[in-house]
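Working notes, structure below.
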Amino acid sequence: MSEAIVHEAELRKDYISGKVETIYFGGGTPSLLPLEDLSKLIATFKKLFDVDPDAEITLESNPDDITAEKLAGWKEAGVNRLSIGIQSFFEEDLKWMNRAHNATQAEACIHLAHQAGFDNLTIDLIYGTPTLTDEQWKHNVDKALSLGITHLSCYALTVEAKTALADMIKKHRIEDVSADKQGHQFELLMQWMQEAGWEHYEISNFAKPGHRSRHNSSYWKGASYLGLGPSAHSFNGTSRQWNVANNALYLKSIEQNIVPFEIEQLTPEQQLNEYIMTSLRTMEGLSVPYVQLHWSDKQAEEIVRDAEKFLQHNLMEHKNDRLILTQKGKLMADGIAADLFR
Amino acid sequence: MDKIRNFCIIAHIDHGKSTLADRLLEFTKTIGERDMMNQVLDDMDLEREKGITIKSHAIQMSYEYKNSKYTLNLIDTPGHVDFSYEVSRALAACEGALLLVDATQGIQAQTISNLYLALENDLEIIPVINKIDMDGAMIPEVKDQIIDLIGCKEDEILLASGKSGIGIEEILSAVIERIPAPKGNEDAPLQAIIFDSVFNSFRGVIAYYRVYNGTIKQGDQVRFIATDAEYDADEIGVLKLGLDKRKEVKAGDVGYIITGIKNAKDVKVGDTITLVSNPGEPIQGFEEVKPMVFAGIFPVVTEDFEELRDCMDKLQLNDASLTYELETSQALGFGFRCGFLGLLHMEIIQERLEREFNQTVITTVPNVSFNAYTSRGEKIIVNNPAEMPDPTRLDRIEEPYIKAQIITLPEYIGNIMTLCLGKRGILINQSYLTTTRVELMFEMPLTEIVFDFYDKLKSQTRGYASFDYSPIGYREADIVKMDILLNGDKVDALSALIHRSRAQDFGRKLCEKLKELLPRQQFQIAIQAAIGAKVIARENISAMRKDVTAKCYGGDISRKRKLLEKQKEGKKRMRQIGNVEVPQEAFLAVLKLD
Numbered sequence: 001m002s003e004a005i006v007h008e009a010e011l012r013k014d015y016i017s018g019k020v021e022t023i024y025f026g027g028g029t030p031s032l033l034p035l036e037d038l039s040k041l042i043a044t045f046k047k048l049f050d051v052d053p054d055a056e057i058t059l060e061s062n063p064d065d066i067t068a069e070k071l072a073g074w075k076e077a078g079v080n081r082l083s084i085g086i087q088s089f090f091e092e093d094l095k096w097m098n099r100a101h102n103a104t105q106a107e108a109c110i111h112l113a114h115q116a117g118f119d120n121l122t123i124d125l126i127y128g129t130p131t132l133t134d135e136q137w138k139h140n141v142d143k144a145l146s147l148g149i150t151h152l153s154c155y156a157l158t159v160e161a162k163t164a165l166a167d168m169i170k171k172h173r174i175e176d177v178s179a180d181k182q183g184h185q186f187e188l189l190m191q192w193m194q195e196a197g198w199e200h201y202e203i204s205n206f207a208k209p210g211h212r213s214r215h216n217s218s219y220w221k222g223a224s225y226l227g228l229g230p231s232a233h234s235f236n237g238t239s240r241q242w243n244v245a246n247n248a249l250y251l252k253s254i255e256q257n258i259v260p261f262e263i264e265q266l267t268p269e270q271q272l273n274e275y276i277m278t279s280l281r282t283m284e285g286l287s288v289p290y291v292q293l294h295w296s297d298k299q300a301e302e303i304v305r306d307a308e309k310f311l312q313h314n315l316m317e318h319k320n321d322r323l324i325l326t327q328k329g330k331l332m333a334d335g336i337a338a339d340l341f342r
Numbered sequence: 343m344d345k346i347r348n349f350c351i352i353a354h355i356d357h358g359k360s361t362l363a364d365r366l367l368e369f370t371k372t373i374g375e376r377d378m379m380n381q382v383l384d385d386m387d388l389e390r391e392k393g394i395t396i397k398s399h400a401i402q403m404s405y406e407y408k409n410s411k412y413t414l415n416l417i418d419t420p421g422h423v424d425f426s427y428e429v430s431r432a433l434a435a436c437e438g439a440l441l442l443v444d445a446t447q448g449i450q451a452q453t454i455s456n457l458y459l460a461l462e463n464d465l466e467i468i469p470v471i472n473k474i475d476m477d478g479a480m481i482p483e484v485k486d487q488i489i490d491l492i493g494c495k496e497d498e499i500l501l502a503s504g505k506s507g508i509g510i511e512e513i514l515s516a517v518i519e520r521i522p523a524p525k526g527n528e529d530a531p532l533q534a535i536i537f538d539s540v541f542n543s544f545r546g547v548i549a550y551y552r553v554y555n556g557t558i559k560q561g562d563q564v565r566f567i568a569t570d571a572e573y574d575a576d577e578i579g580v581l582k583l584g585l586d587k588r589k590e591v592k593a594g595d596v597g598y599i600i601t602g603i604k605n606a607k608d609v610k611v612g613d614t615i616t617l618v619s620n621p622g623e624p625i626q627g628f629e630e631v632k633p634m635v636f637a638g639i640f641p642v643v644t645e646d647f648e649e650l651r652d653c654m655d656k657l658q659l660n661d662a663s664l665t666y667e668l669e670t671s672q673a674l675g676f677g678f679r680c681g682f683l684g685l686l687h688m689e690i691i692q693e694r695l696e697r698e699f700n701q702t703v704i705t706t707v708p709n710v711s712f713n714a715y716t717s718r719g720e721k722i723i724v725n726n727p728a729e730m731p732d733p734t735r736l737d738r739i740e741e742p743y744i745k746a747q748i749i750t751l752p753e754y755i756g757n758i759m760t761l762c763l764g765k766r767g768i769l770i771n772q773s774y775l776t777t778t779r780v781e782l783m784f785e786m787p788l789t790e791i792v793f794d795f796y797d798k799l800k801s802q803t804r805g806y807a808s809f810d811y812s813p814i815g816y817r818e819a820d821i822v823k824m825d826i827l828l829n830g831d832k833v834d835a836l837s838a839l840i841h842r843s844r845a846q847d848f849g850r851k852l853c854e855k856l857k858e859l860l861p862r863q864q865f866q867i868a869i870q871a872a873i874g875a876k877v878i879a880r881e882n883i884s885a886m887r888k889d890v891t892a893k894c895y896g897g898d899i900s901r902k903r904k905l906l907e908k909q910k911e912g913k914k915r916m917r918q919i920g921n922v923e924v925p926q927e928a929f930l931a932v933l934k935l936d
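Here the protein sequences come in this chain order: A and B.
Residue 1 is where the first sequence starts when you use this note's numbering, and the numbers rise one by one after that.
Residue 343 is where the second sequence starts when you use this note's numbering, and the numbers rise one by one after that.
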């Protein structure tokens with residue numbers, strides 16, 4: 001597979017021009033990738049693209065995959081930021097979510113990462129599961145903060161249709177998630193993180209000042225990116241494309257020097273809608289002059305007009321020519337965005 | 343002329359009128375079995391489905407009886423109280439009527455009111471008990487009811503089954519023997535009464551008439567007296583299964599005329615056709631039909647207004663009893679304030695718009711026509727809550743009253759009393775038609791039956807009640823305008839004119855219903871019912887708890903955008919009241935309150 005990805009990178013080396021500022025290994029379980037493959041991939045990228053010497057290179061990993069040896073290897077290969085899918089420090093919770101790691105591993109892997117010299121660490125936590133009490137949630141967040149990480153992503157558990165979890169809930173084998181609980185735990189989270197002095201720079205992301213994810217931030221800024229491998233998405237500013245998801249098909253096609261993808265051309269409206277949706281999720285919010293500049297005065301005017309009711313209900317603030325969701329508004333980000341869509 | 347018989351069938355809904363008519367047509371070989379589509383006379387899809395005749399129809403049969411050839415004109419009458427004027431004109435075209443009663447159901451209110459109309463028109467009544475071969479046929483009881491009602495002899499009552507064809511020949515014999523031949527003078531000035539008209543998109547309006555006196559010939563110059571318009575009789579003829587062209591139609595007979603009229607409004611039921619060259623007198627009893635119930639009809643999508651206007655125009659071409667004028671609503675945009683003969687008529691118009699014209703519409707709270715008198719003595723006719731003058735300018739309001747006739751089984755008297763008194767009814771008479779059949783008469787405000795009366799009557803009597811009404815003029819009443827407010831903004835399309843004593847209950851139910859139907863939003867929604875500034879009912883819809891996607895990176899962005907764009911598209915079908923989104927079902931909810 002990594003050979004195919006290298007090959008795909010070669011085939012698509014002209015997709016992006018300019019400096020590559022971030023590289024992200026995610027989706028699937030890149031921490032299972034053999035070290036030599038990882039080194040090969042990073043070396044290839046550096047050869048094919050103009051990779052910034054200060055580039056942020058992130059690797060997603062599972063706690064149970066993390067060993068001192070692997071950490072050293074990743075470091076060696078050039079990885080300088082680690083994202084660990086901790087999810088919770090509670091056994092019961094991890095079991096409910098059907099995770100492979102246990103509570104002990106969850107904590108131990110962070111220490112190992114620190115010892116290996118990774119000072120740029122982000123972990124994922126999940127809230128709003130039926131088994132997680134408010135006290136446990138507080139414990140999880142406190143624990144994360146006490147472990148010396150620099151970045152935290154917190155996700156409300158989402159039950160996707162047609163998953164084992166959805167099926168179990170449907171058959172009443174396990175308790176369904178409650179919007180009320182999720183809303184409440186999100187409110188608690190915002191409050192704790194604010195008290196801790198962290199930036200809530202995107203709905204699900206918190207960072208110590210200066211430690212935002214540069215990679216993810218670029219998604220929300222509408223920057224161009226190249227995605228390699230099955231299912232990977234790429235975006236060049238006006239069109240988005242995604243590779244075929246099936247591994248076998250992907251490999252076969254790449255072997256024949258053909259990148260198997262589907263593409264959609266975004267209309268200016270769709271681009272604006274994406275901007276509305278992603279910018280409202282960030283702490284900088286939606287910039288009215290930016291809309292004027294890239295779209296039109298009329299579009300900007302209409303957005304501001306439609307936002308009026310959210311301002312009235314204290315879900316949004318309008319300051320410095322920006323529309324920014326309040327904490328209350330962040331709980332409703334989807335509906336508000338949809339409402340402002342053109 | 344002595345070989346002509348003009349008759350109609352008086353029956354309650356579902357008592358088998360159409361089936362019996364079909365059998366008569368078959369027996370007289372007016373139609374072969376091959377052309378037989380069940381219930382030939384009900385030719386509108388809707389009629390067949392509802393089992394109600396909406397329009398009058400007529401058909402001519404030839405029948406040989408005792409070696410003479412007879413012409414039998416069967417004039418079918420509408421079977422619903424909304425169309426009682428049309429019924430009266432159809433009856434005026436006949437000399438006799440079959441009084442058809444279902445052996446399992448007995449006499450119903452509708453039957454009685456039409457029977458009274460027939461008796462007023464001096465029609466010879468031939469009682470027929472139908473469905474005698476059904477389980478549950480109560481032949482002796484129904485015979486008693488009929489004898490009590492019209493005072494006939496037992497042996498004058500015919501027994502029949504439209505379904506299996508029992509008694510058809512006896513009915514035809516009785517029509518010839520018992521119903522008098524029409525009287526009239528073929529050579530007198532022409533007098534023909536229009537009892538119905540149909541619209542044909544190729545030929546224009548086809549008027550059905552009965553000639554009282556004189557003769558109408560193809561090519562005659564005719565005058566429609568009430569509308570004071572002259573036309574050429576391009577084509578005349580009699581009504582067989584289709585139109586059967588003739589050179590002339592003489593006194594006593596029933597026929598049709600085509601004059602190239604394109605608009606149903608120009609042909610008024612009850613009008614008299616005469617000749618320009620030798621005019622006769624108008625036939626008594628012409629009235630302009632007045633709408634009784636008014637409601638707004640709006641397109642679901644505001645942009646479809648022009649299309650809806652087109653459809654309304656076309657609809658009116660073949661339904662002259664529909665009236666409409668432009669209405670503007672803040673909530674619903676451009677639409678029409680329509681006048682209907684009654685609630686069934688309103689439902690029919692709505693369904694025809696949907697089926698025949700492919701329009702989806704929002705119908706607003708129906709109301710009756712009120713008379714408002716201002717303190718300066720002006721009289722304002724209020725057909726729309728928006729037209730109601732401000733209370734400070736009002737001297738008084740009058741509302742239309744009806745005489746309601748309900749026939750039921752004795753065990754339901756209590757329920758009906760509770761229902762009707764609760765709707766401001768005054769009992770004026772209670773009489774036993776037979777030991778098992780009681781008739782109750784109430785004077786009631788018409789506005790009370792516009793809302794949920796039929797359904798309640800049905801459920802309170804398990805369907806064992808029949809209802810009929812006739813208007814009896816206007817009376818002073820404490821009518822108020824009740825508004826619905828969403829987060830403080832008035833929803834004009836939900837305003838209602840209602841008696842003060844009923845406002846609170848109605849307001850509360852409406853608020854509750856809206857609470858069910860309005861989607862949660864990002865903020866709380868206050869639903870209020872108010873009379874002027876006074877809030878009489880309130881419900882709150884709390885804000886959504888949480889509506890935010892967890893992950894939004896790379897490919898998530900495009901998936902989520904598509905989802906939210908779909909959501910936005912759905913919202914476009916909603917109406918914006920202030921900052922509250924209202925789905926179209928909410929506007930219809932009012933019509934479906936418990």
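We treat Cβ as the ideally placed atom computed from N, Cα and C, and that holds for glycine.
In the structure shown, the three-state DSSP call for His354 (chain B) is coil. As a beta-bridge residue in DSSP terms, Ser808 (chain B) pairs with B:Ile749.
In the structure shown, Phe678 (chain B) falls within a strand segment according to DSSP collapsed to helix, strand and coil. Taking the beta carbon of Val924 (chain B) as reference, no residue of chain A falls within 8 Å; the closest one sits roughly 14 Å away. For Ala338 (chain A), the enclosing alpha helix (DSSP H) stretches over residues 333-340.
Rounded to whole angstroms, the separation of the alpha carbons of Asn409 (chain B) and Ala363 (chain B) is 23 Å. At a cut-off of 9 Å between beta-carbon atoms, Asp831 (chain B) makes no contact with chain A. Here the alpha carbons of Arg779 (chain B) and Tyr754 (chain B) stand approximately 10 Å from one another. Distance from the CA of Arg281 (chain A) to the CA of Leu331 (chain A), rounded to the nearest whole angstrom, comes to 10 Å.
The beta carbons of Leu82 (chain A) and Trp137 (chain A) sit no closer together than 9 Å. The residues Leu441, Val443, Ile449, Pro469, Ile471, Cys494, Ile499, in chain order, have a CB closer than 8 Å to that of Ile488 (chain B) in the same chain once the five nearest residues on each side in sequence are set aside. Taking CB atoms only, Met283 (chain A) has no neighbour in chain B less than 9 Å away. The Cβ atoms of Phe341 (chain A) and Lys910 (chain B) sit closer than 9 Å to each other. With respect to chain A, the C-beta atom of Ile899 (chain B) has a partner C-beta closer than 9 Å.
Counting C-beta pairs closer than 8 Å gives three or more between the stretch 591-606 of chain B and the stretch 522-538 of chain B, which meets the contact rule. Spatial neighbours of Asp344 (chain B) in its own chain (CB-CB distance under 8 Å, excluding positions within 5 residues in sequence) are listed in chain order as Ala523. In this structure, Leu459 (chain B) lies near Leu433 (chain B), with their beta-carbon atoms less than 9 Å apart.
Within the stretch 647-677 of chain B, no residue has a Cβ lying closer than 7 Å to any Cβ of chain A. When C-alpha distances from Ile615 (chain B) are compared across B:Pro727, B:Asn660, B:Ile578, the shortest belongs to B:Ile578. In the DSSP assignment, Met190 (chain A) falls within the unbroken alpha helix (DSSP H) covering 179-195. Unbroken beta strand (DSSP E) runs of no fewer than 3 residues, entirely contained in the stretch 702-760 of chain B, are found at 703-705, 712-716, 721-724, 736-750, following chain order. Within chain A, Asn273, Phe341 have C-beta atoms less than 7 Å from the C-beta of Glu907 (chain B), given in sequence order.
Under the DSSP assignment, Gln402 (chain B) falls in the beta strand (DSSP E) whose first and last residues are 399-407. Scanning the stretch 880-936 of chain B from its first residue to its last, the whole beta strand (DSSP E) runs of 3-plus residues come out as 917-919, 922-924.
Nearest CB-CB separation between Asp93 (chain A) and chain B: not below the 9 Å threshold.
In the DSSP annotation of this structure, Met786 (chain B) is not part of any alpha helix (DSSP H); the continuous beta strand (DSSP E) holding it starts and ends at 779-787. Per DSSP, the unbroken beta strand (DSSP E) holding Trp242 (chain A) starts and ends at 239-243. The straight-line gap separating the alpha-carbon atoms of Ala164 (chain A) and Leu32 (chain A) is approximately 23 Å. If you check the CB distance, Ile510 (chain B) and Phe699 (chain B) do not come in under 9 Å. Runs of the beta strand (DSSP E) lying entirely within the stretch 550-627 of chain B and spanning at least 3 residues, in chain order: 557-559, 563-566, 571-574, 577-581, 585-588, 590-592, 596-600, 614-617.
If one requires a minimum length of 4 residues, the alpha helix (DSSP H) runs lying completely within the stretch 258-323 of chain A are 268-280, 288-294, 297-312, in chain order. By the Cβ criterion, the stretch 915-930 of chain B is in contact with the stretch 686-705 of chain B, since at least three pairs of Cβ atoms, one from each stretch, lie closer than 8 Å.
Taking C-beta separations shorter than 7 Å and ignoring five residues to either side along the sequence, the partners of Thr44 (chain A) in its chain run Val6, Ala9, following chain order. By a beta-carbon distance limit of 8 Å, Gln265 (chain A) contacts Ser239 (chain A). Their separation comes to about 5 Å.
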